[in-house]
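Numbering (my numbering), first residue to last: 6 to 217. Yeah, the Cβ is synthetic: ideal placement off N, Cα and C, and Gly gets one too. What follows is one structure encoded as structure tokens, with my remarks underneath.
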Amino acid sequence: MSFFHALLHLGFRLLYNELAFTYDWVSWSVSVGQWRSWQRCALPRLAGPRVLEIAHGTGDTLIDLVGAGFQPVGIDLSPSMSRIAQNKLKRRGIAVPLVRGRAQALPFARGSFPSIVATFPTEYIGDPAALAEFHRILQPGGRLVFIPTAKITGGGPIHRFAEWLFAVTGQSGPWPPQVEARYHAAGFDARIEVEKLKHSEVMIVVAERKGD
């Protein structure tokens with residue numbers, strides 16, 4: 006691992022833990038205010054009513070899911086993120102079960118959910134152990150919907166800077182073909198969809214669980 010990538014990894018670790026209180030501001034800033042619009046692109050592709058959000062972060066997508074009529078459950082490894090999400094939900098009078106755990110060892114029974122969602126996930130999204138867990142807890146024909154990347158397309162200086170920042174941090178670019186192959190090997194039919202917004206394009210992966 007190069008020094009730059011080690012530094013980047015440290016920065017993300019701090020952002021998800023000790024500096025989690027800055028996460029909403031950072032994500033809004035680097036996306037030029039488009040972060041929440043990107044997250045919402047996953048919702049129309051979900052089946053309900055129960056949806057598991059992997060790495061729920063500060064809880065915004067959980068709030069969106071409730072507003073769209075879903076019954077979400079959230080799981081995240083970071084206690085800092087869980088505290089922020091719980092407080093955000095409480096202020097809105099929303100009750101959502103939150104669980105602390107890893108994608109590679111999900112504490113749910115086989116076939117518990119018709120849908121799983123994740124927005125801008127870290128490396129776990131391509132981990133074979135996590136894929137096996139997604140397959141296990143999804144119902145036959147269930148969907149994993151996740152947003153791996155987005156591309157800023159606006160022509161202004163701030164849009165060009167944000168596009169460069171996303172590129173150097175690995176948040177923009179094509180989905181690695183080896184990851185797509187892992188999904189097929191794990192029992193999913195995966196496809197990539199692109200949603201075009203005013204100043205950006207969002208990549209959405211829809212992976213449908215094959216029947217047993």
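Practice task
Would you tell me roughly how many angstroms separate the C-alpha atoms of HIS61 and THR124, rounded to the nearest one?
Solution key: In the sequence shown, counting from the first residue as 1, residue 61 sits at position 56. In the sequence shown, counting from the first residue as 1, residue 124 sits at position 119. HIS61 and THR124: Cα-Cα distance of roughly 8 Å.
Problem - PRO77 beta carbon less than 8 Å from that of PRO67 - result: Mapped onto the sequence shown, residue 67 falls at position 62. Mapped onto the sequence shown, residue 77 falls at position 72. Reading off the sequence, residue 67 comes out as Leu, not Pro. Closer than 8 Å, so yes.
Exercise for the section: Can you say whether THR154 is buried or exposed, counting buried as having 16 or more other CB atoms within 10 angstroms of its CB? Expected result: Residue 154 sits at position 149 when you count from the first residue of the sequence shown. THR154 comes out buried.
Exercise for the section: Just grab the DSSP bridge partners of THR154 for me. Expected result: Along the sequence shown, read from residue 1 onward, the residue named residue 154 stands at position 149. According to DSSP, which records beta bridges pairwise, THR154 is partnered with MET208.
Problem - Length-filtered (4 minimum) alpha helix (DSSP H) runs lying within the region 81-126 - result: 84-96
Practice task
Evaluate contact between the region 136-148 and the region 106-122, counting only Cβ atoms and requiring at least three cross-stretch pairs below 8 Å.
Solution key: yes
Problem - 6 Å CB neighbourhood of GLY72 in its chain, flanking five on each side removed - result: One-based indexing of the sequence shown puts residue 72 at position 67. Here the set comprises nothing.
Handout entry: Sub-8 Å separation of TRP30 and SER36 beta-carbons
Key = The residue labelled residue 30 in the question sits at position 25 within the sequence shown. The residue labelled residue 36 in the question sits at position 31 within the sequence shown. When the beta-carbon positions are compared, TRP30 and SER36 stay at least 8 Å from each other.
Problem - Unbroken alpha helix (DSSP H) run spanning LEU136, endpoints - result: Here the question's residue 136 lines up with position 131 in the sequence shown. Counting along the chain, the alpha helix (DSSP H) containing LEU136 begins and ends at 133-142.
Exercise for the section: Please list, in chain order, all residues of the same chain as GLU200 whose beta carbon is under 8 Å from its beta carbon, the five residues on each side excluded. Expected result: Position 195 of the sequence shown, counting from 1, holds the residue named residue 200. Only CYS46, GLU206, VAL207 and ILE209 meet the Cβ criterion.
Practice task
Measure from the alpha carbon of TRP33 to the alpha carbon of each residue in ASP65, PRO49, LEU51 and GLY131, then state which is nearest.
Solution key: The sequence position of residue 33 within the sequence shown is 28, counting from 1. Among ASP65, PRO49, LEU51 and GLY131, the Cα nearest to that of TRP33 is on ASP65.
Exercise for the section: Going by CA-CA distance only, name the one from ASN92, SER85, GLY74 and ILE59 that's closest to GLN109. Expected result: Within the sequence shown, numbered from 1, the residue matching residue 109 stands at position 104. Among ASN92, SER85, GLY74 and ILE59, the Cα nearest to that of GLN109 belongs to ILE59.
Exercise for the section: Count the other CB atoms, across all protein chains shown, that sit within 10 Å of the CB of GLU128; report buried if there are 16 or more and exposed otherwise. Expected result: For this step, residue 128 is matched to residue 123 along the sequence shown. Exposed, since its Cβ has fewer than 16 Cβ neighbours within 10 Å.
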